[in-house]
Every structure is written in C-alpha cells, then in structure tokens.
Amino acid sequence: MADDKFDAIVVGAGLAGSACAYTLAKAGKNVLLVERGNTAGSKNVSGGRLYTYALELLEPDLYKRAPLQRKIVREQVMLLNERGATTIDYFNPDFGENIPQSYSVIRAVLDEWFAAEVEAQGGMVASGILVDGLIEENGKIVGILTGGEEMRADVVVAADGVNSLLGQKAGLFPDVKSHAVGVGVKETIELPDNLINARFGVTAEEGAARVAIGCTEGISGGAFLYTNKGSISLGIVFNPEQAAKQQRHIQDIFQDFKMHPAIQALIEGGTSVEYGAHLVPEIGYQGIPKQLHREGFLVVGDAAQFGINTGLIIRGMDLAIVSGLAAARAIIASPSTAEMGALYMKQLEELLLVANQRAYQNFHGIFEISRIFGGYPKLANDAMQFMFTVDGKTPTPMVKGLLRAVKKHATFGQMIADGWKAYRSL
Amino acid sequence: MPKCLVCYKWTLDEQDIKIKPEDLSLDSSRAKGKISDFDRNAVEEAALIVEKEGGAVEVLSYGTAAVKLSLKDVLSRGAEKAHWIADPSAENADAAVTANVLAAAIRKLGPYDLILCGEGSSDLFNQQTAPRLAALLGLPCLSFVQKLTVEGSTVTATRKLEDCQETATVSGPVVISVLSEINKPRIPTLKQVLGAAKKPNEEIKIADLGLKPEDLQPKALRQSVKGFVMQRRNVVYKESSAAENVAKLTASLASEGLC
Ligand SMILES: Cc1cc2nc3c(=O)[nH]c(=O)nc-3n(C[C@H](O)[C@H](O)[C@H](O)COP(=O)(O)OP(=O)(O)OC[C@H]3O[C@@H](n4cnc5c(N)ncnc54)[C@H](O)[C@@H]3O)c2cc1C
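Line by line, the protein sequences give chains A and B. According to my numbering, the first sequence holds residues 1208 to 1633 in order. According to my numbering, the second sequence holds residues -4 to 254 in order.
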C-alpha cells in the first residue's frame, strides 16, 4: 500500500460505517475506518433494538457472534394517561425462529465489537480522530482532512451520522432542518436480571420491547423501553419544534415519563448508568436527500437520513447496516469511481432498502394527528376505567358510558378527520 | 542525543469503575483500559525532548495479558518501539516486584540515558517505581519533576516540593518521575495513529529475565479493595441566631476532634 492512500476511507464507526468497512476489508480492500470517539460506540445513542436480518445480509450467522442482549419475544404497546396505563401485550417465543427477528443491543458494546471485527478482517481502524473536511480535486472527492493532515483514498464513505458534516462539506445537502428530525433521549438503568425477568414476564435470554404513547403531553412522539442483560434502556423520541412551542424541556418530559406509576414500577430499584441525547431522522422517505453521492463520495446510514419511525417501530440501525453493505458492494464492483454512485443506488434498490423506505413514505402524516399523543390514549384509559368500575351504584348503560369517555377527548367530526388522515398516511 | 525509555502502566480507567453499594466492592467489569495518567505525561516529555534534542524513545510496560491493548495507543504518542512483558504475576505485583521486573528488562535492553516514569500510577499510586528502579540500577533519581531540560548529557530538573521548588542537575544516566503539570499529552493525529500500527513492538518473556522466584513474590499483599463512600451526619442546626448555629457547629466539630 502506498503510505498515504487507501482504497476507501469510511468516516464514522457506527453500524453503517462498520458494516461498510467490514465488507470492504473482507473483500481484500485496503480500508481505513475513522471514528472521532475514543472507542467506537462511545458516543452513540440508540434505543437499542436491532432487527437481525440486516446482520444476516452482511454475513450469514454474523448475529451469532455479535454481542446482542435479549431476543425480543414480547411486543408491548402502552397507552398512558396521567396515572393509568392500558397495555397491549403480544407474546411470541418463536418470533423469527431461524433468524431471530430482533434483539435489544447496547451500542457501546456492539459498536466496539464491530470495529474489532473490521480490524480482524484486515481493515485499519483509527479512533479518537475527528474528520473536519474533505479534499476535492477536479470535482472529485479524493480524501479527508483531519487536524490539518490529509489522507487520500479512491472513495470516501460518509457514515458520520444524522448531522453529517461530510455530506454538508460535499455540498450534497444543507443543514438538517428541525422538522426533519426528532430528538431522542435515552437512559440506561441497571437492574438485576431476576427483577427484569419477573417484571416483564421473560426468561433469561428473552426480552420485551415496549412503546408508549400519551407521555409527551400531546407533542408528537413516544417512549420506548427495552430489556437488556442486567439493564433496561428507556427513552423518548419527539418533535423538537412542537416541544419548543409548548416551552417544554425534553428532560422534564422524560422525567415525568419515568415518574409515571406504571413506568416507575418497572425501573424501581435500578441505578442510572448512562444518559444521552441524539437526533433521529424522522420523516422517512421524504427526508432522504435527492443526491446521496458524488464522484469519490457515498453517504450511508443516518447521514443519508435513512430511518423508519412508525410509532410502533423505530428502525435506523438495520437500515444503516444495509446501506453500508450497499456502498461496499458498489465500491467492490466498480471498475472506477465514475460508476460507484449509480451502482450504490442500484444496490440500495436490490437490497430492498428503498422499498422499505417507500412503504412508509407518508407515514409521518400520522404524527400530525395530535390526538394520537394525548386525546386517544386518555380516551382508552377512561373507557377502561368506566368498564372496570364496580361501585354498587346503578351502572351507566355501556354505550352511554363509553360515548361519554369518547366525547371527553374528541368530537365525531375530529375522529372521522383523524381516521381519514391516518388512512391516507398508511 | 539522549536515548530515552519510558516505563508505563496500562490501568483500568477509574471513571468506569463502580462501587457496589451493598458491600462497597468494586465492579470493574465495564472498565476500559488506559495508559496511566502521569505515565502519559512521561511519554509526552520523552517525545518532546527527542523532538528537540534528537535521540530515540522506547517504552516498556509490565502487566497482565491486557498490556497488549496499550501498544497502539502508546506508539501513537511518539515512541519508536514498545517492549512489553505480559505475565499473570503483574496482577498482584507490589512496587518491589514491578521494579524488579522492569529493572531486569532494562538491564537487558539498555543502557538508556533517561529513564522516565510517571510520579505514581492512576490505580495504586505507590510512587515507588522510579526510586526503586534507580536503586536497583544504581542510578540517581529525580522525583516530582515539573520541568525538564536536556542539553547534551546534562539534565536539569525542577522538582516541586511541599513549599518550594528545587532545581537539580545530573549528568549521565538518570531515572526521573514526572508530575502531570510538566506538559499536556498530545492527542495523536491520524498519521500518528496509522504510523503506530507499523512500529515494532517486542514481547519479553518474564522467564528470560533471569529473575529468582522471590523477586516475583510480592511482600505487600493486598487483602481487600473497597470503595470509599462519604457518610454524612445529616445534622442541621436550626437555632434562631447565626451565632448559636456556629457555636453548636464548632462544639460538634470539637467533640469529634476536628477543630
Ligand atoms: C433515542 C434513539 C433511539 C433509537 N432507537 C432505535 C432502535 O430501537 N432501533 C433502531 O434500529 N434504530 C434506533 N435509533 C436510530 C439509530 O440509532 C440510528 O439510525 C443508527 O445509529 C444509525 O447508524 P449510523 O452508523 O448511520 O450513525 P451513528 O450510529 O450515529 O454513527 C455515526 C458515527 O460517526 C462518528 N462521527 C460523526 N462525525 C464524525 C467525524 N466528523 N469524524 C469522525 N467520526 C465521526 C460518530 O462518533 C459515530 O460513531 C434510535 C435513535 C435514537 C436517537
């Protein structure tokens, strides 16, 4: 190898970057993976549920080597009002039997493992290095800048996350707009496994994933909770613009969520070990920049704004891995840098990433229905309270009681309008 | 052009160590490794001296198998070659054992003009390695060094003492231990990190050092390690006048022998 030239430089050792560098190194490419954190994963925040099909695409059985936490067998949806909670619980111990459908993960652990795998394949990993610019020559990107030093490569892959500096430096997209991103906070709370198993009704290797709505004071957003080994990850993702309008701080909303009696009971006795805040690409397909490449430059993962958030499902990590793989395949298959961009777009189609994004393309319309985040969860709880109240007084007729609960939170007109909007979005 | 050797220790990052409230035992299962803080200053100082005066920097570490994890980091900080001794005995080594092993390795590798250490390690902070090494190697020792200049074969060190500074000069080989204020360790650049991967490192087997079994037998045996938790008395003085509150406070402190 020429001392200061690589086949590819991948910036960012998140899942997108490591997936890309791993595939390139395995194919014998001379690849450099650069990460600003002192170790890979040290700065990364995810709720922590990874759909394993993505690792399987990268390499069959890779997920078996990965340091995953618990296999998710319980899917739970919570509708919260002030102090009550209505929970739907779906249990399936065989969910995705051959390739388990999803696992909870801890990014600090997973990312560090992944970067080590890149090294084991012969890739070069440099951590503690902040990339601050790109080298451009004759309209092509030919390398990176860091602290005044240059490093050259045939292609630079921007895997630098949601607020991609490199994408901006390459002139591919302007600053992230606030309506396009959600804000997420996440806390990891250590709790003994026997308590986790008992509180969530799972065995030692199994886990539960829970989403909750009604905890953001009507602001578009929701909460999640995942069980790990020896800890619970919980957090909230929501729209920063609406929160700003209501002058609410994310910490306060999150604190209230944790103090909710139904949540408090789950985390009681635990110790908080980690807290982080991060942006999340929110509007899905429509948020993806039109141009994800230039000659000598490809954008992957969160940097490309790949993400699906349905309220029930948050996906970003799997799409990061798939797009990293797509970029690597394009680089391996291209005879020269001129074809790489087009091949990358083709790989995104072939690996069905585009189809996945497109399927949910109008979905964020749902998030504009504010009653989903306040009125309707309250309605569900009021209806439950009515149905399960026995006090010896003359019972209100069922229909009348239920209607009363409904009318408190929405008119029929509003419900029809919301229903229509939801129908159009799905 | 001094030939320098820096001895460093690969310790656990204390920030990652947790104290278990039940029994005050330490949980280091999540702890990452790092080059002991003051040792990082020692490596930096050697690198600065060599950048100015010429010469060469090598590094040496004695630790458990984990010591291998330190090589990339230490070599990206200016050292040209790393020597390492990975042996389970390091787990319970006291300052005497550590110095025995390092001195034996230095006899094999040396001679060096300057042997630098950190003043104390981030974990045990015995502050004994440098003086013991000097004694074993028959060299002068300058400890608590906050400023160092090397001109030809003359080494001038400013030592920080309790309430004064002392300046000392030595000519010829010397063992030096440095304080953290001596410099600000560099953050390695990409080229330095990449360069580190190509620099040589060499394992020294402890069996090849000609040490006697008693040299590896710690005399200070660690019986227990427990976290330290501050216990508060939670006494609030609520007298009506400040003077009374102060009187009560001082009386209470006096009864505990604190003033
Ligand atoms: C609260 C929250 C919960 C989430 N929950 C889920 C979930 O349950 N499931 C799911 O699939 N997704 C989830 N996501 C989304 C998921 O975290 C992201 O989609 C995923 O991390 C994207 O991976 P990435 O590799 O593209 O980017 P990142 O993971 O952000 O990695 C980018 C990397 O680049 C490095 N970097 C950035 N700039 C530079 C630079 N200039 N120089 C060098 N290095 C740089 C960073 O340090 C980082 O390591 C969640 C996100 C949040 C915020």
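Glycine included, every Cβ here is placed at the ideal spot set by N, Cα and C.
Three-state secondary structure (DSSP) of residue i
i               : result
V231 (chain B)  : coil
R217 (chain B)  : coil
L248 (chain B)  : helix
Q160 (chain B)  : strand
N1401 (chain A) : helix
Y1482 (chain A) : strand
R1281 (chain A) : strand
Q1564 (chain A) : helix
C(-1) (chain B) : strand
N95 (chain B)   : helix
T149 (chain B)  : strand
C136 (chain B)  : strand
A1209 (chain A) : The predicted position of A1209 (chain A) is uncertain, since its pLDDT is 46 and thus under 50; a value taken from the coordinates is nonetheless stated next. Correct three-state label for A1209 (chain A): coil.
V1597 (chain A) : coil
Residue i Cβ short of 7 Å to ligand 1 heavy atom set
i               : result
V1252 (chain A) : yes
V1487 (chain A) : yes
L206 (chain B)  : no
G28 (chain B)   : no
D32 (chain B)   : no
R1281 (chain A) : no
M1524 (chain A) : yes
G1514 (chain A) : yes
E1242 (chain A) : yes
K1393 (chain A) : yes
G1421 (chain A) : no
L1532 (chain A) : no
R1256 (chain A) : yes
L1372 (chain A) : yes
A1510 (chain A) : yes
L1222 (chain A) : yes
V1316 (chain A) : no
V1325 (chain A) : no
V1364 (chain A) : no
V1418 (chain A) : no
Best match in the options for proximity to residue i [C-alpha to C-alpha]
i               : options                            : result
A1215 (chain A) : A:V1529, A:G1503, A:F1298          : A:G1503
T1596 (chain A) : A:K1585, A:G1608, A:L1586          : A:G1608
D22 (chain B)   : B:K29, B:K47, B:A74, B:E9          : B:E9
A1624 (chain A) : A:K1615, A:K1585, A:I1579          : A:I1579
N1245 (chain A) : B:D68, B:A51, B:N95, B:T149        : B:D68
S1253 (chain A) : A:Q1554, A:V1390, A:K1497, A:G1303 : A:V1390
R217 (chain B)  : B:C2, B:N87, B:N229, B:L104        : B:N87
L43 (chain B)   : B:A77, B:A192, B:K142              : B:K142
V1444 (chain A) : A:Q1458, A:D1598, A:G1340, A:L1352 : A:Q1458
P135 (chain B)  : B:G105, B:V62, B:A163, B:C159      : B:A163
R1359 (chain A) : A:D1211, A:Q1462, A:I1490          : A:D1211
I1306 (chain A) : A:A1322, A:L1286, A:K1271          : A:K1271
N1404 (chain A) : A:R1243, A:G1437, A:G1476          : A:G1437
Contact test: residue i Cβ vs ligand 3 heavy atom, cutoff 7 Å
i               : result
K1600 (chain A) : No copy of ligand 3 appears in this structure; the ligands present are ligand 1.
Any C-beta of chain A under 8 Å from that of residue i
i              : result
P183 (chain B) : yes
A77 (chain B)  : no
K192 (chain B) : Reading off the sequence, residue 192 (chain B) comes out as Ala, not Lys. Yes, its Cβ sits closer than 8 Å to a Cβ of chain A.
I14 (chain B)  : no
L189 (chain B) : yes
K243 (chain B) : no
K27 (chain B)  : yes
K63 (chain B)  : no
K186 (chain B) : yes
Min CB distance residue i to chain B below 8 Å
i               : result
T1395 (chain A) : no
G1340 (chain A) : no
M1358 (chain A) : yes
V1241 (chain A) : yes
G1350 (chain A) : no
I1474 (chain A) : no
I1336 (chain A) : yes
G1235 (chain A) : no
G1483 (chain A) : no
C-beta neighbour in chain C for residue i, strict 8 Å
i               : result
A1232 (chain A) : Within the model displayed, chain C is absent; protein chains A and B are what it includes.
**OP:** Note down, one range per segment and in chain order, each beta strand (DSSP E) of at least 3 residues found wholly within the stretch 1302 to 1389 of chain A.
**Re:** 1309 to 1311, 1331 to 1334, 1340 to 1344, 1347 to 1353, 1356 to 1365
**OP:** Tell me the start and end of each unbroken beta strand (DSSP E) in the stretch 1444 to 1508 of chain A that is at least 3 residues and wholly inside, in chain order.
**Re:** 1478 to 1488, 1504 to 1506
Subject >> Segments assigned beta strand (DSSP E), at least 3 residues, entirely inside the stretch 64 to 125 of chain B >> reply: Taken in chain order, the whole beta strand (DSSP E) runs of length 3 or more contained in the stretch 64 to 125 of chain B are 76 to 81, 109 to 113.
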